[in-house]
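Novice: One structure, as structure tokens, below. Some questions next.
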Amino acid sequence: MPTSAPVSLERYVREVERWVQALACDIEAPALDATGRFTHQTQDVRVAAFLKAVRLASTLNAAVILLRVGHVLEVGALCRMIDEACEDIAFLQIPTDANGPRGPKQNAAQNRPQGAGCLPPDGIGRAIRRLLNP
Numbered sequence: 539m540p541t542s543a544p545v546s547l548e549r550y551v552r553e554v555e556r557w558v559q560a561l562a563c564d565i566e567a568p569a570l571d572a573t574g575r576f577t578h579q580t581q582d583v584r585v586a587a588f589l590k591a592v593r594l595a596s597t598l599n600a601a602v603i604l605l606r607v608g609h610v611l612e613v614g615a616l617c618r619m620i621d622e623a624c625e626d627i628a629f630l631q632i633p634t635d636a637n638g639p640r641g642p643k644q645n646a647a648q649n650r651p652q653g654a655g656c657l658p659p660d661g662i663g664r665a666i667r668r669l670l671n672p
């Protein structure tokens, strides 16, 4: 039996898409390489976390579509993928040096861009907040 995705869920997905678009402004656009593939010239933690955020937004969109047509089990699988993407983004933001991970005190919260305070306090919001505050 098909169900309609709650409007609030769709609104939430649109918010995530807006955050990803905002992050895209700070990431160098991919360029065509010698093999004919588009790649980011600078491959760093911010690009990796951004690409995970893109996957997160895409997976959320897929979940809404599947929920609309009643594929609840598939949505459950996508929720696991969403959670994994959030964990990956959080992991990528762990400060490191030559000796491995550093303590959280060395992660300067005062460098957070303006607007980062408007993110929701759930897992996705925390992960995106970490992405905004490298």
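Counted the way the working numbering counts, the sequence shown spans residues 539 to 672.
For every residue, glycine included, the Cβ atom is placed at its ideal position computed from N, Cα and C.
1) Quick one: what does DSSP say D564 is sitting in, helix, strand or coil?
2) Could you have a look at T634 and say whether DSSP puts it in helix, strand or coil?
3) Taking all protein chains shown into account, decide if V607 is buried (16 or more other Cβ within 10 angstroms of its Cβ) or exposed.
4) What do you get for I603, buried or exposed, if any count of 16 or more other CB atoms within 10 angstroms of its CB means buried?
5) Could you give the DSSP three-state label for T597: helix, strand or coil?
6) Quick test of the definition: if touching needs 3 or more C-beta pairs under 8 angstroms, does the segment 615 to 628 touch the segment 579 to 596?
7) Skipping 5 residues on each side, what residues in its chain have a beta carbon closer than 7 angstroms to that of M539?
8) Distance check for D626 and V551, CA to CA, integer angstroms please.
9) How long is the line joining the alpha carbons of V558 and F588, rounded to whole angstroms?
10) For L611, count the other beta carbons within 10 Å of its own beta carbon; 16 or more makes it buried, fewer makes it exposed. Which is it?
11) From K590 to N599, what does the alpha carbon distance come to, in whole angstroms?
12) From this set, V583, A615 and L605, which residue's C-alpha is nearest L547's C-alpha?
13) Between the C-alpha atoms of G614 and C624, what's the straight-line distance to the nearest angstrom?
14) Which residues does DSSP list as the beta-bridge partners of L570?
Specialist: To lay it out plainly:
1) coil
2) T634 falls in the strand class under three-state DSSP.
3) Exposed.
4) When all chains shown are included, I603 counts as exposed.
5) helix
6) yes
7) Note on M539: pLDDT 45, under 50, position unreliable in the model; the coordinate value appears next. Around M539: G608.
8) 19 angstroms
9) 7 angstroms
10) exposed
11) So the alpha carbons of these two residues sit roughly 14 angstroms apart.
12) With distances taken between Cα atoms, L547 lies closest to L605.
13) When rounded, the separation of the alpha-carbon atoms in G614 and C624 is 15 angstroms.
14) F576
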